[in-house]
Structure formats: structure tokens, C-alpha cells
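With the working numbering, the residue at position 44 of the sequence shown is 107, and numbering never jumps. No residue lacks a Cβ here, since even glycine has one placed at the ideal position from N, Cα and C. Encoded as C-alpha cells, the structure appears first; notes follow it.
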Amino acid sequence: FGSWIPLVLIGLPRLYGTWHMVTTGLLQHIGLADNVTDHRLNTRTVYMNPISRFIYWNMNYHVEHHMFPMVPYHALPKLHELIKHDLPEPNPSMLHAYREVWPVLLRQLKYEDYYL
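Here's what the structure looks like:
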């Protein structure tokens, strides 16, 4: 063993990647309708900084990803520009999205059928 390369290539990405995946992944569906087939109602797009978009492979364009699942990750920003007039307004940041989601989650504790 004696080499740090396995730790750097396998261990470190798990440290910075896991928390990022959880914090970004939760935002994609939480607080939205769950038994509808219109992806504009059960997913959300959240604008992120370039580093987060890279780590998350542009999956922050989540409505677009669900509507057109065969579009590769690198083409999702362009797809968003082409169809954004038919989509709900994206959240401008993760912080904004969490501010929108928390009250919904608290309300769902009492009214489980409540959605944005």
C-alpha cells in the first residue's frame, strides 16, 4: 500500500461529493406534487454556481432532465435555454430553494397532501 493515490482518487471525492449530492439532490423533488406525470409539477430547476453544476453534472436542470432523459448532461443548459418559456421559474439559488422548501415541509407535517 504506502501510496496516497487510492485515498485521493477514491476517498476524497466521497468526502466532498456525498454532502454535495445530498444537499442538491433533496431540492429536486421535495415539497412538490408526487403523483403527477407532468414533470413541471414534481421537479424543480435550481441555478447553481459552475463548480456545483460540474460536480452535480448539470442535474440542477432537473425538470429538463426528467422531460428529456436522453439529453446528455452537458447539453442540459442549452436545452433549458430552448424550453424555459414552457417551464416554471427556476429557483435562483440553493439558498432560495431551501427557503421555499422549509415552510412546505413544516406544513406537510400537519397536511400531508400540501404541495407547492
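Query	Result
Please check the pair F24 and L142, which I expect to be a contact at CB under 8 Å, by giving their CB distance rounded to whole angstroms.	With the chain covering 64 to 179 only, the question about residue 24 has no answer from this structure.
How close, in whole Å, do the beta carbons of H83 and Y124 come, if the pair is a contact with beta carbons under 8 Å?	At roughly 16 Å, the Cβ-Cβ gap does not stay under 8 Å, so H83 and Y124 are not in contact.
Can you tell me whether DSSP reads V109 as helix, strand or coil?	strand
Specify, as a first and last residue, the run of the alpha helix (DSSP H) that V126 falls within.	H125 to M130
Out of curiosity, what's the CA-to-CA distance linking L72 and S66?	11 Å
Assuming contact is defined by CB atoms lying nearer than 8 Å, are Y161 and R170 in contact in what I supplied?	no
Given a cut-off of 8 Å on the beta-carbon distance, is the pair Y136 and N154 in contact?	no
Step through the CB atoms of chain C and report whether any lies within less than 8 Å of the CB of R170.	In the displayed structure, chain C is absent; only one protein chain is listed.
Using the DSSP secondary-structure output, state which residues sit across from N98 in a beta bridge.	Bridge partners of N98: none, in fact.
What residue from H102, A96 and I114 has the CA that sits closest to G80's CA?	I114
Which residue wins for smallest C-alpha separation from M111, given the options G88, H102, T100 and Y174?	G88
My guess is that P166 and R103 are in contact by the Cβ rule of under 8 Å, so how many angstroms apart are they, rounded?	The pair is not a contact, with the Cβ atoms about 21 Å apart (cut-off 8 Å).
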